[in-house]
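Report on the following structure.
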Amino acid sequence: MPPAHDPVLARILERATFGHRSDEWRAAEGIGFDAWLTEQLEPAGIDDAVCDALLAKMPSLQQSAAEIFRDFHGPLRDLRAAALIRAVRSQRQLFERVVELWNDHFCIDAEKGDCRILASVFDRTAIRAHALGKFGDLVTAVAKSGAMLESLDNRKSRKESANENFARELLELHTLGTGNYTESDVREAARCFTGWSTPEQTDTGYGDFVFRPEWHDGGTKRVLGTEIPSGGGAADGMQVIALAVAHPACARRVARKLCRHFVGESPGADLVERVVQTYSSTQGDIVAMLRVILSRSTFAEPNAATLAKYKRPFHLVAGLLRATDAHVFEWEGLLDELADLGHLPFAWPTPDGCPDVREAWEPVLLARWRFANRLFSHSIRGVRVDLDELVRGTSSDDV
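Everything in the sequence shown is counted per my numbering, starting at 441 for the first residue and increasing by one.
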């Protein structure tokens, strides 16, 4: 644990990581938090060789959907293990916290149909590739991903019977939130997304986006008060996305989501408003919004009432493993623990994503205690904590 003389830095690091370690504390204190944050917001420049070596044992993480289908050997199991490995071992901690947020925000049912194969590609090419970019680019990549098209039943949506699932969740969950669109907007948006699909499993481009013009409703539509002329083809869907991400309600929804994830369940109204303004002035630049949120002023003592944050089971497990420098020989036992805690990665079945509020997780309080007991009693398969080493590594500054 860090020295007590800078509690503000301790709070920020606790939220910007899956549980800060003493070496991260020393690094942030040594170069200054602003420099540490800049480094974390440029994850490609961070040496992550230890984590990369662990992930290299799971080839499905880098394969295309067609390659995974050909070599199918449990890609969903690999993806779940990789999420925990990255949370515990990666030096790109802030990036992994952001990826966690977006995988919940754009939640897919990874157990549904082809999503068992496509989820890994979704995580890599939609979420990770755009996690720190512009929010509109992230929404577009998600909308065109094979996993989302499969999960929300749009891959077979045709003009004769437009499926409304994706259009509804795009407006309700991904961008605007309830009360900011009408049922007519959902129906018209669904027409815009007809023909947005993916190739068949036998195709080398399986999992990629493909537009099928013969399935598309080419008529005039009206979405969010804007007329979309006939004959637009695939551009109709792109216009819906552009309208949604430019809407003031989207800026507010994204701002609140980011603040709740990194600050607390009831973030201050002033902070949310600053993030809303940043979204609007930067066209949804995620890095710019994070710089506003992860500032000393946000986590200063006068704001303590807005900082209440109950750790979800995944964060708790990763944080304990990091704090104890646990030796993990195989990760399957830990995935079993997360399943028991109700927070196995890529296992939430509904598009609203895994909840991030205290009341959702208080019922598993006893299970959390049992996990800690099993961890320290060496009862989790493949995991050991060196208690003697922990005691030796504790200094007077830690208590």
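The beta carbon of each residue, even a glycine, is placed where N, CA and C say it ideally should be.
Model, not experiment: these values are computed from the prediction.
Distance between beta carbons of residue j and residue i, contact taken as under 8 angstroms
i	j	result
Glu713	Val663	That pair is no contact at about 27 angstroms.
Asp657	Ala602	6 angstroms
Arg752	Asp796	7 angstroms
Ile820	Gly773	5 angstroms
Glu551	Pro789	7 angstroms
Arg693	Gly617	5 angstroms
Leu815	Val825	6 angstroms
Leu524	Leu775	7 angstroms
Asn743	Gly708	6 angstroms
Leu747	Arg451	7 angstroms
Ala635	Phe651	The sequence given here places Gly at residue 635; Ala does not occur at that position. Right, their Cβ atoms sit about 5 angstroms apart.
Ala630	Glu604	4 angstroms
Leu516	Ala566	The pair is not a contact, with the Cβ atoms about 16 angstroms apart (cut-off 8 angstroms).
Ile668	Cys632	6 angstroms
Where the alpha helix (DSSP H) through residue i begins and ends
i	result
Thr718	709-722
Trp771	Segment: none, Trp771 is in no alpha helix (DSSP H) and carries neither H nor E.
Asp643	No alpha helix (DSSP H) holds Asp643; DSSP gives it neither H nor E.
Ser591	586-591
Ser462	462-471
Arg437	The question about residue 437 has no answer here: the residues shown for the chain are numbered 441 through 839.
Asp676	675-686
Phe509	505-510
Ala430	It is not possible to answer for residue 430, since the shown part of the chain is limited to 441 through 839.
Residue-chain proximity (residue i, chain B), Cβ-Cβ < 8 angstroms
i	result
Trp465	No chain B is present in this structure, which holds just one protein chain.
Limits of the unbroken beta strand (DSSP E) element including residue i
i	result
Lys596	Where Lys596 is concerned, there is no enclosing beta strand (DSSP E), given that its DSSP letter is neither H nor E.
DSSP-derived helix/strand/coil call for residue i
i	result
Trp809	helix
Glu667	strand
Lys751	coil
Arg662	strand
Lys697	helix
Trp636	strand
Asp487	coil
Ser500	helix
Ser560	helix
Val448	helix
Asp796	coil
Val650	strand
Asp765	coil
Val823	strand
Asp725	strand
Ser735	coil
Ser706	coil
Ser624	helix
Asp837	With a pLDDT of only 45 at Asp837, under 50, the local geometry of the prediction cannot be trusted, and the value read off the model is given with reservation. In this structure, Asp837 counts as helix in the three-state DSSP scheme.
Glu454	helix
Residue i CB to nearest heavy atom of the ligand GTP below 7 angstroms
i	result
Arg808	No copy of the ligand GTP occurs in the structure displayed, which carries no ligand at all.
Tell me, please, whether the stretch 621-639 touches the stretch 671-687 by the rule of three or more beta-carbon pairs shorter than 8 angstroms. Contact annotation: the stretch 621-639 touches the stretch 671-687, with at least three C-beta pairs closer than 8 angstroms.
Quick check: the stretch 569-583 against the stretch 666-681, are there 3 or more CB pairs under 8 angstroms? Touching, per the Cβ criterion.
Do the stretch 448-460 and the stretch 522-542 touch if we need at least three Cβ pairs shorter than 8 angstroms? Counting C-beta pairs closer than 8 angstroms gives three or more between the stretch 448-460 and the stretch 522-542, which meets the contact rule.
Specify whether the stretch 806-826 and the stretch 762-782 touch according to this definition: at least 3 beta carbon pairs, one from each stretch, less than 8 angstroms apart. Segments in contact, yes.
Report the start-end ranges of each alpha helix (DSSP H) in the stretch 531-580 that is 4 residues or longer and not cut off at the edges. 533-545, 555-561, all fully within the stretch 531-580.
Could you tell me whether the stretch 516-531 touches the stretch 586-600, using the rule of 3 or more Cβ pairs below 8 angstroms? With the cut-off at 8 angstroms, the stretch 516-531 and the stretch 586-600 do not touch.
Under 8 angstroms, with one C-beta from each stretch per pair, do the stretch 509-520 and the stretch 733-746 reach the 3-pair mark? Taking a contact to require three or more Cβ pairs closer than 8 angstroms, the stretch 509-520 and the stretch 733-746 do not qualify as touching.
Does the contact criterion of 3 or more C-beta pairs under 8 angstroms hold for the stretch 718-730 versus the stretch 566-581? Taking one beta carbon from each stretch, the stretch 718-730 and the stretch 566-581 have 3 or more pairs nearer than 8 angstroms; the two touch.
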